[in-house]
Every structure is written in structure tokens, then in C-alpha cells.
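Peer 1: Sequence positions in the sequence shown follow this note's numbering and run 2 to 842. The structure's right below; bear with me while I get my questions together.
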Amino acid sequence: MGRIRHHIDFDKFNNNPDNIRRMHWKEHWQAHYNFTSQKHKNDEEYRKKLAEGRNKFWSNKKNRELYSKRMTERNLRNWKKKDYQQKMRITLSEVNTRYLKDHPEIIEVIKKRSSVTMKRLWKDSKYKKLFNEKIVASNKTRETNLTGKRKFINICSYLLSNGLQINEKNYERIRKDVFGIKSFTSWYLGINKYFEGNKNLVLCELNSNHKVVKIEFLNQHEDVYDLTIDKTHNFALASGVFVHNSQDGDPPAAQRYTEARMMPLAVELLQDLDKDTVKFIPNYDGSTKEPELLPGKLPALMLNGATGIAVGMATNIPPHNLTEVCDAILAYIKNNDISIDELCNIVTGPDFPTGGSVQGDMSELYKTGRGRMVMRGKVTTECLSKRGQAKEAVVITEIPYMLNKTTLVTQIADLVQKKKIKDISDLRDESSKGKIRIVLELRKGANSKFIINSLYKYTRLQDSFNVNFLALVNGQPKILTLRDVVEEYVKHRKLMVTNRTKFELKKAKERQEIVEGLLIALKNIDDVISTIKKSANSTEALEGLVKKFSLTRKQAQAVLETKLQQLTSLERDKLKKESEELKEKIAEFEKILGDIKEVLKVISKELSELKNKYGDNRKTQILQRISEIKEKDLVQDKDIVVTITDKSYCKRMDVKTYKEQRRGGRGVVGSGLATGDFVKQLITCSTHDYLMFFTTRGRVLWLKAYDVPEAERYSKGKAIVNMLNLSNEDVTRVISVKNFEDNLIMATKKGFVKKISLSHFSKPRASGVRAINLPNDNSDRLIGVEVVKKGQEVLMATQQGKAIRFNESEVRGMGRASYGVTGIKMDRLSSSKLGQAGEDI
Numbered sequence: 002m003g004r005i006r007h008h009i010d011f012d013k014f015n016n017n018p019d020n021i022r023r024m025h026w027k028e029h030w031q032a033h034y035n036f037t038s039q040k041h042k043n044d045e046e047y048r049k050k051l052a053e054g055r056n057k058f059w060s061n062k063k064n065r066e067l068y069s070k071r072m073t074e075r076n077l078r079n080w081k082k083k084d085y086q087q088k089m090r091i092t093l094s095e096v097n098t099r100y101l102k103d104h105p106e107i108i109e110v111i112k113k114r115s116s117v118t119m120k121r122l123w124k125d126s127k128y129k130k131l132f133n134e135k136i137v138a139s140n141k142t143r144e145t146n147l148t149g150k151r152k153f154i155n156i157c158s159y160l161l162s163n164g165l166q167i168n169e170k171n172y173e174r175i176r177k178d179v180f181g182i183k184s185f186t187s188w189y190l191g192i193n194k195y196f197e198g199n200k201n202l203v204l205c206e207l208n209s210n211h212k213v214v215k216i217e218f219l220n221q222h223e224d225v226y227d228l229t230i231d232k233t234h235n236f237a238l239a240s241g242v243f244v245h246n247s248q249d250g251d252p253p254a255a256q257r258y259t260e261a262r263m264m265p266l267a268v269e270l271l272q273d274l275d276k277d278t279v280k281f282i283p284n285y286d287g288s289t290k291e292p293e294l295l296p297g298k299l300p301a302l303m304l305n306g307a308t309g310i311a312v313g314m315a316t317n318i319p320p321h322n323l324t325e326v327c328d329a330i331l332a333y334i335k336n337n338d339i340s341i342d343e344l345c346n347i348v349t350g351p352d353f354p355t356g357g358s359v360q361g362d363m364s365e366l367y368k369t370g371r372g373r374m375v376m377r378g379k380v381t382t383e384c385l386s387k388r389g390q391a392k393e394a395v396v397i398t399e400i401p402y403m404l405n406k407t408t409l410v411t412q413i414a415d416l417v418q419k420k421k422i423k424d425i426s427d428l429r430d431e432s433s434k435g436k437i438r439i440v441l442e443l444r445k446g447a448n449s450k451f452i453i454n455s456l457y458k459y460t461r462l463q464d465s466f467n468v469n470f471l472a473l474v475n476g477q478p479k480i481l482t483l484r485d486v487v488e489e490y491v492k493h494r495k496l497m498v499t500n501r502t503k504f505e506l507k508k509a510k511e512r513q514e515i516v517e518g519l520l521i522a523l524k525n526i527d528d529v530i531s532t533i534k535k536s537a538n539s540t541e542a543l544e545g546l547v548k549k550f551s552l553t554r555k556q557a558q559a560v561l562e563t564k565l566q567q568l569t570s571l572e573r574d575k576l577k578k579e580s581e582e583l584k585e586k587i588a589e590f591e592k593i594l595g596d597i598k599e600v601l602k603v604i605s606k607e608l609s610e611l612k613n614k615y616g617d618n619r620k621t622q623i624l625q626r627i628s629e630i631k632e633k634d635l636v637q638d639k640d641i642v643v644t645i646t647d648k649s650y651c652k653r654m655d656v657k658t659y660k661e662q663r664r665g666g667r668g669v670v671g672s673g674l675a676t677g678d679f680v681k682q683l684i685t686c687s688t689h690d691y692l693m694f695f696t697t698r699g700r701v702l703w704l705k706a707y708d709v710p711e712a713e714r715y716s717k718g719k720a721i722v723n724m725l726n727l728s729n730e731d732v733t734r735v736i737s738v739k740n741f742e743d744n745l746i747m748a749t750k751k752g753f754v755k756k757i758s759l760s761h762f763s764k765p766r767a768s769g770v771r772a773i774n775l776p777n778d779n780s781d782r783l784i785g786v787e788v789v790k791k792g793q794e795v796l797m798a799t800q801q802g803k804a805i806r807f808n809e810s811e812v813r814g815m816g817r818a819s820y821g822v823t824g825i826k827m828d829r830l831s832s833s834k835l836g837q838a839g840e841d842i
């Protein structure tokens, strides 16, 4: 029901209750819209009346003035909106373009009119100034010569797609042979004009990395807070204050509390950055320069790991132990021919900051650069004292890498609530800062082994980590082995140490030159002062010192800038000592630059110092094997009783449900039964045994005993048809089997008997298999199946009271496709029974 009263026949004067219908506004509007549309299409008289109404309205001058005023006010109000202005510009541009295309003669008229207007405006000095400003601004933002850049990128893209390195040699060859040398820019012109001589910028362009669309200066205050608390923040290299990388997923502290500073370990990555070790390139918007890469005294790629995905490539490198990685690099420096196997003996595997354990083929992983590992948290059992009673508890002290602790606790609580993990009486998070402790108290009699297996199976306490050692080497993506990573790091450090030594040698020589000049000046101090005093200005004094004492211009300038207090005999001794030290340093630097072995010695020394300073023990344990957790590992192996009723209901109960009683005992209720139902079979077995269900049509289906629903004594159980894939057949016999080593004896209604080895049924199938090949006309059916051991007797009885007994050895073993042999011919078989010779039945 709506609020609008609608006239069904669209006659507003017909207010008969039968003509009124309540409806919502939208439905009412739609009804009138449809009605009016139909009339407009089909009713000529209606269209005629509309035209007359329009003509009458517009013929009134007052209506025209009023409408014009309303339109003016609306347009002025709308023009204040930026989006409306933009929309109108686009619309008018399209309309004007279409109009000029349809009326080309108008173009000449507009040209003449524009020329007159421009000449008139050009006489105005204000217009001239504004015009120049607009032209200059537009030239600054215009992208020039896009065609040349696009052609250059096309050749580079061709090189990359064909697996060729992007360099001058390959570029020029492809430009000449494939694209045609005249129409495409040369390598030198393209790389320098469009990419500032930086090949990495070309790769970024090809990989569709982030591009600067515009630079906008913000008015509000911005700092590093968002970078400090963001997911991409590198916590291994940051000394966080207040909440940063909480394992509970807690939100970060407010901006007024957080601080950003580097850990001492991070400083090692930046060391020597000011000594011309690396090349500096423009940043993303060209406002400043940044290092192309860091000097990196430590192999951060291995220590800190890396995770990322872009342009169809992904990398996932786990963190490693600093001590092991440094030892591997030192071993490689000592012996360049060291094998990957020898390196794997040093770097035994990843070392996660959260501890735990890890298993996988580490040797294969480090040889290929790819692999999969299984991570596990650390779980122990403890005996807790609660209210004077001892209680067993499962305690989680370490969790897998990148797992949120709060998520794990919530997941365990959900599993307990859904009864997927049983026998847990209490769950507590007793973790403190830097220490994980999740306590699961167990009920009395609970088996901690199965609780732990359930945690590994159903939660992320056991998780996988797919390793992919993908990194950029000389600007090209490459899968790296452990040896490749070590080799590339040593190459990098060789270059860094060489560049640093060159810088320090240059600085030492420059200082040595100054010190020697000061010593000459001190030796001739009186003449130096006299020369300076006689000079008219500093330039004349400098030239006089150079000429009279054979000083270089730098030395002479240093003498002029020296304060008088530095001309004492004490300063002379200091300068002599400094000169000797500089000579030793210069000799040392030249020695390093003259021999690559000396460079390697420096790298080894620095690595050893870093290892001793920051190295620690491994947190993650490497396991040889983590076995797959199967369903039976989650269920305790205990004795149970399985009951099957005549109406095919099945359940299991703990054998302890049936208490031992004396002779006068009345027993206990074993099962609640439906009307007319009775217990047909009662089987005592283990939860890990197989139950084999044989049907009247000769098929067999399997269930693990623990898959049979556990129920109370008064429950009737669950229908077998809901547990097994049965079709127009009934279960005639159920047997329990621990192993498939004995034989089975089967008997049919017509008296056929068949012996078959249990090994034929050792591979269970969900759909079941045929155990005996009965006639297709349903003239016979299976009525009995028993496990038979060597030497047992078989007794078969008929409905007319006839019986036959024979030894199981008299029946030969057969396959699943056979029918069997005749056991008795008298009449219909009633039942069969097994027993030992001399045993009462």
C-alpha cells in the first residue's frame, strides 16, 4: 500500500471506491508515464491539443519573459559548478564541431570575424601580457616529440619480448634488421633524450610501472606517519616506537606518539653512500636525486626477504639467518669454486623471526630458486595445577611466519565451538610483549597428541610457503640459485669497495697536498708573512706564494686561509704526523685498488665484523620430514561398539558405556529402537578399523569406524543409506577389519559359497566394488559374509533344517568377478557360521 490515490481509469473526477488504488509514488509516476506515452503515439487528437497548448503559452509575452528569467537564473547557478562547466564545454565542442562539418561555409565567416577581433585585442597591452603568459605555461606542460619516444620504446619492447638484453648493441642490430634504420631513432639519442641515459627508466616504462601524471603541492602538513604504519613498512630495518608490527593485528598508535628512526642494522645499508659509491638519478618527479641502489654492506635480499607481484612476475623470498648468510659469503670468497651443496650445508634454510619449524627439500630449493616449504608453529604440552588438581594443557609458544596471533586464537575458538576439535575445556591467550603463549586446557582423559594434530590440520598453525627467488639482475628479471645470490652480492660489494677506495684515495691525496703546502709555509714562515704583507690584494698574494715557494694554487690558497694561531710549533708537529698518516693511507688505498684479492680481504673483514656485531642464533628449526596429517591421526585409537539394526540404522559408542555386571545384573539399554526394529549386528572393534558393508546385490562399501556417528545409548543412530552410496539394495552383513590379510567366506540364498582373499578389498573406493558376481535377474542374493582363518570349519543351514559342514580349505580362492561354487543344493540357505573343529555352535 502506498500514499498515492490513483484513479484506475485515469479520470480524476471518478472517485468511486472501486476506481481508487493505493500505490507508491514511483509506481504512480510510471503508470502515468506509460499511459501518456501510448496516447502520444496513437492518439492524433491528443497530440493536436498539446500543440495548441504550446502555441498558446508561447504567444503570451509575459510567459516568455518569465521563462527567460528562470533559465538565466538557473544557468548562472549551474555555471558556478566546476563539473557543469566541464560538461557544457564538452557538449558545446561536440555540437560546434558537428555544425561546422555540416556547414563548411561558416568557417570562412568565423575566420574573418576572428581576425578582426584579434587585431583589436592585440592593441591592448594587458591582453598581450596575458597571451604570453598562457603560451609559456602551455609550452612547459606539453609533451614534445612523442612519436620518436614511442618508436624507441617499440624496439626496446621487441628486445624484451624476444629474451634479448636491452643494450646499444642489440638495439642497433634490431633497428637495422627489423625496423629499418631511417625511420627509428638511434640508441644514443633515444636513451639520453627520453630516459636521461638510465636503462632502468626504460624498463619501468615497458613494465607499465607507475608514471607521474602531474605534480601537485599540498597545502596541509604531511610527514612519514603513513609510511611508518603502512603494511609496506620494513619493520626489520626500523626501530619502531609504540605499536608498529603487532602480531595481534593491533592498530598503530596515533600520529602524535609514533616516531621514525632506523635501527643500527639499517645504517649499515646506507654506509658509504656519501663516498661516490653509487650513482644518483632523478627521483620520480625530477625534483631531487636519489641513489640508484644502496651500498648495502649486508645482503638484505637474503636477510630480510622480499615479497611482491607486478607485470606478471612474482617474487617470494623468505628471510634468512645473518650468521649463516655471512658464513656462506665468506666461504665463497675463500673458494670461488664452492658448490651449491657446500653452500647448502652452511645456509641450512630460512630463519623466520617468529621461530617455529620448517620442512622442505632445501637443497633442491637453493639449486633451482623455486620450491615449497611447510611451516609449523611450536607446540608443547604442560601439566598445570588448577584448584589443587593437575590438568594437562597444550601450549603454543611459536607461530608460523606472517600469521596473525589473534586470528589463530579466534580460529581455534570457532573449531572448538563447532566441535571439530574436542576435549578442550579452556582457551587463553597469555602472551606478553615479545613472547607468545596460547594455552589450551584439556579435559580429563583427553589425548594431547590428537589435539595437536587437529591444530595442525584445521588451523594455520601449519602453513605452506612457496619460494620464488626472482630478482632484477642488471635490470633483467632472473630466477637465482643460492650461489647466484652470493655471487651477485660479492660482485656488488667489489664495486662498492672499489668506488669507496677511489673516493678516499682522492680525498687523501687532496689533503696531503694541502698539508705539504702548510709545512713549506711553516718552514719559511717569516718570508711567507713578508710576501703577504707586501701584496696589494689576495690575488697578488696568492701569485707571489706560488712563484716564490713553488706551491700549487690550492696550497697557496690554504696558506692564505690559515689562522695565525695555527702557525705554532705544536701545529707543525701535528701536520708532520698527519702527513705520515696520509702517506700510509694512500699506500694502503693504492694497494687495495691494485689487487682484487685485497678488495676481497676488505669485504671479508667487514662481513666478519658485522657477523660478530649483529649475528644471532637460528630461531627456526629445520625438520627433515613433516608427515602428512591423515584423518586417523586426528582420532584416538580406542575400542568401540558398533550396532546395526534390522532397519539399517547404525551408531557407535565407547566400549566403556557397557559396564561390567554380576550374575544378577539387568544390563543397560544399548540402543533406542524404532517400532518393530531390532539390533541385527553388534560389532566390537577399534576406531581405526575398517567396516566393510556387504549388500544383498553382492557389492561392498567401506567406512572407517570413526566415520560412524557417535551417539548416546538411547539414540537409534543414523540411517546407513545417508552414509553409503546404496541403490535398490540393503546391507546384509558388516564386518570389521584391521588388516587385509585373511580370507572371506560368502554364502548366497541359493547355496553358493565363495572364498576370496581380503587383499582384493585393500584399496577402498567411495562408490564401492563388486564382491561377488550374482545373476542379473536378481534370482539370488548375498546373505552371509565372514572372515575365515586357516583351518576353520564352515557350517551352512537351510530353511528346512538341513545343514552341511566342511573345512574352508575345500573351497578354492577366487577373484571378485566370480560367482562361487555350490555349497548346498537341498533348498534355500538360511544362514552360515564359522567355527573350529570340536567347537560347540
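Yeah, the Cβ is synthetic: ideal placement off N, Cα and C, and Gly gets one too.
Considering only C-alpha positions, which residue in the set 400, 578, 532, 586 is nearest to residue 560?
Peer 2: 532
Peer 1: Excluding the 5 residues flanking residue 48 on each side, which residues of the same chain have their C-beta closer than 8 Å to its C-beta?
Peer 2: 41
Peer 1: In whole angstroms, what is the alpha-carbon distance linking residue 503 and residue 343?
Peer 2: 35 Å
Peer 1: Indicate whether the contact test is met: 3 or more Cβ pairs, each with one atom in the region 508-527 and one in the region 576-589, closer than 8 Å.
Peer 2: yes
Peer 1: What would DSSP say about residue 518, mapped onto helix, strand or coil?
Peer 2: helix
Peer 1: Expressed to the nearest angstrom, what Euclidean distance is found between the alpha-carbon atoms of residue 385 and residue 391?
Peer 2: Residue 385 and residue 391: Cα-Cα distance of roughly 6 Å.
Peer 1: According to DSSP, which residues form a beta bridge with residue 702?
Peer 2: 694
Peer 1: Quick check on the DSSP output: what are the complete beta strand (DSSP E) runs of length 3 or more inside the region 348-418, in order along the chain?
Peer 2: 358-360, 371-377, 379-387, 390-399
Peer 1: Alpha carbons only, please: which of 522, 473, 50, 134 is nearest the one belonging to residue 309?
Peer 2: 473
Peer 1: So, are the CB atoms of residue 605 and residue 638 less than 8 Å apart?
Peer 2: no
Peer 1: Kindly identify the DSSP beta-bridge partner or partners of residue 814.
Peer 2: Residue 814 is bridged to 756.
Peer 1: I believe residue 742 touches residue 759 by the beta-carbon criterion, under 8 Å. Please report the beta-carbon distance rounded to the nearest angstrom.
Peer 2: 6 Å
Peer 1: Below 8 Å, how does it come out for the region 403-415 and the region 442-451: are there three or more Cβ pairs, yes or no?
Peer 2: These segments do not touch.
Peer 1: From what residue to what residue does the beta strand (DSSP E) around residue 310 run?
Peer 2: For residue 310, the enclosing beta strand (DSSP E) has its first and last residue at 307-311.
Peer 1: Identify the residues that DSSP records as bridge partners of residue 477: which are they?
Peer 2: Note: residue 477 sits in a beta bridge opposite 474.
Peer 1: Under the assumption that residue 471 contacts residue 314 (Cβ atoms under 8 Å), give the Cβ distance between them as a whole number of angstroms.
Peer 2: 6 Å
Peer 1: Looking only at C-alpha atoms, which of 497, 752, 349 sits nearest to residue 271?
Peer 2: 497
Peer 1: Can you tell me which of 564, 575, 499 puts its alpha carbon nearest to the alpha carbon of residue 517?
Peer 2: 575
Peer 1: Going by CA-CA distance only, name the one from 773, 362, 26 that's closest to residue 370.
Peer 2: 362
Peer 1: Within its chain, find whatever has a CB closer than 8 Å to the CB of residue 814; leave out the 5 residues flanking it on each side and keep chain order.
Peer 2: 744, 756, 757, 758
Peer 1: Can you list the beta strand (DSSP E) stretches of 3 or more residues lying completely in the region 580-656, in chain order?
Peer 2: 622-624, 640-646, 650-655
Peer 1: Alpha carbon to alpha carbon, what distance is there between residue 694 and residue 772?
Peer 2: 11 Å
Peer 1: Quick one: complete alpha helix (DSSP H) runs, 4+ long, within the region 484-569?
Peer 2: Complete alpha helix (DSSP H) runs here, min 4: 526-535, 539-550, 554-562.
Peer 1: Apart from the five residues just before and just after residue 749, which ones in its own chain have a Cβ nearer than 6 Å to its Cβ?
Peer 2: 781, 783
Peer 1: Sorry if obvious, but does the Cβ on residue 780 come closer than 7 Å to a heavy atom of the ligand SAM?
Peer 2: You won't find the ligand SAM in this model; it holds no ligand whatsoever.
Peer 1: Tell me, please, whether the region 347-361 touches the region 616-625 by the rule of three or more beta-carbon pairs shorter than 8 Å.
Peer 2: yes
Peer 1: Could you tell me if residue 269 is buried or exposed, where buried requires 16 or more neighbouring beta carbons within 10 angstroms of its beta carbon?
Peer 2: Flag for residue 269 reads buried.
Peer 1: Rounded to whole angstroms, what's the CA-CA distance from residue 376 to residue 488? Just pull it up for me.
Peer 2: 28 Å
Peer 1: Around the C-beta of residue 321, are 16 or more other C-beta atoms found within 10 angstroms, so that it is buried, or is it exposed?
Peer 2: buried
Peer 1: Measure from the alpha carbon of residue 817 to the alpha carbon of each residue in 422, 319, 747, 790, then state which is nearest.
Peer 2: 747
Peer 1: Taking only three categories from DSSP, how would you classify residue 431?
Peer 2: Secondary structure at residue 431: coil, using DSSP grouped into helix, strand and coil.
Peer 1: For the region 708-720 against the region 793-802, are there 3 or more C-beta pairs whose distance is under 8 Å?
Peer 2: Between the region 708-720 and the region 793-802 there are fewer than three C-beta pairs closer than 8 Å, too few to call the two in contact.
Peer 1: Quick one, which of 382, 404, 19, 429 has its alpha-carbon nearest residue 451's?
Peer 2: 382
Peer 1: Where does residue 28 sit, in a helix, a strand or coil, going by DSSP?
Peer 2: helix
Peer 1: If you draw a straight line from the C-alpha of residue 45 to the C-alpha of residue 85, how long is it?
Peer 2: 38 Å
Peer 1: For residue 161, which of 463, 705, 477 has the nearest alpha-carbon?
Peer 2: Comparing Cα positions, the closest option is 477.
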